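Participant:
In this note's numbering, the protein residues as written are 0 to 133.
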C-alpha cells in the first residue's frame, strides 16, 4: 500500500497539481495586494475619494468600550469589501484567461493521420485478380 501511495504521489499529474496550488496561493496574494493597494484607491479617487473597503451599512452600532464588560461590537454589512472581492475575482479571471490562452498557443497540434492505404482484403483481392490473369 505504501508503494502504491508513493507511485501515486510521484506521478507527474499530482506534482503538477501541487505546484499549481502553491502558485495559485502566491498569485492570489499578489492579486489581493494589487486590488487593495493599487486598483481600489484609483477607483475610489474617481468615485469622489471613497475608500471602498470601509463602506458598510451599520445594522447595530457598537456600544460600550472594547475590552470592558457589556461591550457589544458593531454589526454591519461590509459591502465595500465585497466590491473589492468582485474586482479581485475579475482580475484573477482575466489573468487566468491570458495564461490559458498563452498555454494553448504553445501546444503543438496533433500530427495529421497517416493516409489510409488499402485494407488486407483489398490487397488479397488484387493478388487474386493478378493470379487469375496469368
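Backbone N, C-alpha and C fix where the C-beta goes; we use that ideal spot for every residue, glycine too. The model shown is predicted, which means the values in this text are computed figures rather than measured ones.
#1: Applying the criterion that 16 or more other CB atoms from any shown protein chain within 10 Å of the CB defines a buried residue, is residue 9 buried or exposed?
#2: Kindly list the residues whose CB is nearer than 7 Å to the CB of residue 79, restricted to its own chain and excluding five residues on each side of it in sequence; keep chain order.
#3: Near residue 74, what residues of its chain come up, given a Cβ to Cβ distance below 7 Å and the 5 sequence neighbours on each side ignored?
#4: Looking only at C-alpha atoms, which of 62, 129 and 85 sits nearest to residue 39?
#5: Expressed to the nearest angstrom, what Euclidean distance is found between the alpha-carbon atoms of residue 68 and residue 61?
#6: Is it true that the CB of residue 34 sits closer than 8 Å to the CB of residue 83?
#7: Which one or two residues does DSSP pair with residue 71 in a beta bridge?
Facilitator: Inspection of the coordinates gives the following:
#1: Against the chain shown, residue 9 aligns to sequence position 10. Per the 10 Å Cβ criterion, exposed.
#2: Position 80 of the chain shown, counting from 1, holds the residue named residue 79. 51, 52, 53, 54 and 55.
#3: Within the chain shown, numbered from 1, the residue matching residue 74 stands at position 75. Excluding its 5 nearest sequence neighbours in each direction, residue 74 has C-beta neighbours in its own chain below 7 Å: 58 and 59, listed in chain order.
#4: As a position in the chain shown, residue 39 is number 40, starting the count at 1. Nearest C-alpha to residue 39: 85.
#5: Stepping through the chain shown from its first residue, residue 68 is reached at position 69. Stepping through the chain shown from its first residue, residue 61 is reached at position 62. Whole-angstrom Cα-Cα distance: 13 Å.
#6: Counting from one through the chain shown, the residue named residue 83 turns up at place 84. Counting from one through the chain shown, the residue named residue 34 turns up at place 35. Yes; because the gap between Cβ atoms is below 8 Å, this pair is in contact.
#7: Looking up residue 71 in the chain shown gives position 72. Beta-bridge pairing links residue 71 to 62.
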